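Using the UniProt record's numbering, you'd call the opening residue of the sequence shown number 1 and step up by one each time. Down below is the structure, laid out as structure tokens.
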Amino acid sequence: MRAFVAVKNYLANNVSVLREIEELKKENKLFHSAITEMRKDIDLLKQSERKRLKEKSTNKRDTVETPADQLIKMHYRKPEENEEGIFRMPKDILHDLIVLQKIPRNSDISVENIGKALTNQGYKNIAKRVIFNGKSSSRRGYIVMQ
């Protein structure tokens, strides 16, 4: 009889342990789903913050027009929807402006400044496969009209 009681108690304990394990699994699933929801909320907050910062950085009142901005506005424009622009890298645009003698010798206009000016003015930055030194590679540039 003692053996029967011992087995009965053992099974009862195991059943309660199994129930506890099932409860813990449920809690774990709830915890993971809560974490997943929190991560989604954080991602949404990050996206909205990035959008807000982008809108703030593109606010026309707060931006100072640099010499590179002025040169881009004077000599280039964005293509219209029905126009096919030309692919130019910032270094190509800088070279063109130097050849046309539009950049003074003592200016601090660089390839980086030209790229920033094009981006700030809303030119589309794209990657294009080009052949350079006999090898095909990807280059980043802008679609512009002269």
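The beta carbon of each residue, even a glycine, is placed where N, CA and C say it ideally should be. The model shown is predicted, which means the values in this text are computed figures rather than measured ones.
- The three-state reading of DSSP puts N106 in coil, since its state is none of H, G, I, E or B.
- R39 and Q47 have their alpha carbons spaced roughly 12 Å apart.
- When the five nearest sequence neighbours on each side are left out, the beta carbons in the same chain lying within less than 6 Å of the beta carbon of G141 are those of F87, R88 and M89, in order along the chain.
- Under the DSSP assignment, K116 falls in the alpha helix (DSSP H) whose first and last residues are V111 to N120.
- If you look at K91, you'll find it in the alpha helix (DSSP H) that goes P90 to V99.
- Leaving aside the five residues that flank G122 on each side, the residues in its chain whose CB is nearer than 7 Å to its CB run, in chain order, K78.
- Secondary structure note for K128: its beta strand (DSSP E) is the uninterrupted segment N125 to F132.
- Here G141 is bridged, per DSSP, to I126.
- If you draw a straight line from the Cα of A68 to the Cα of I109, it is about 6 Å long.
- Put simply, of V144, V15 and Y10 the residue whose alpha carbon is nearest the alpha carbon of E80 is V144.
- Annotation: K25 to N125 spans about 49 Å, alpha carbon to alpha carbon.
- Nearest to Q146 by C-alpha distance, out of N133, I35, Y76 and I131, is Y76.
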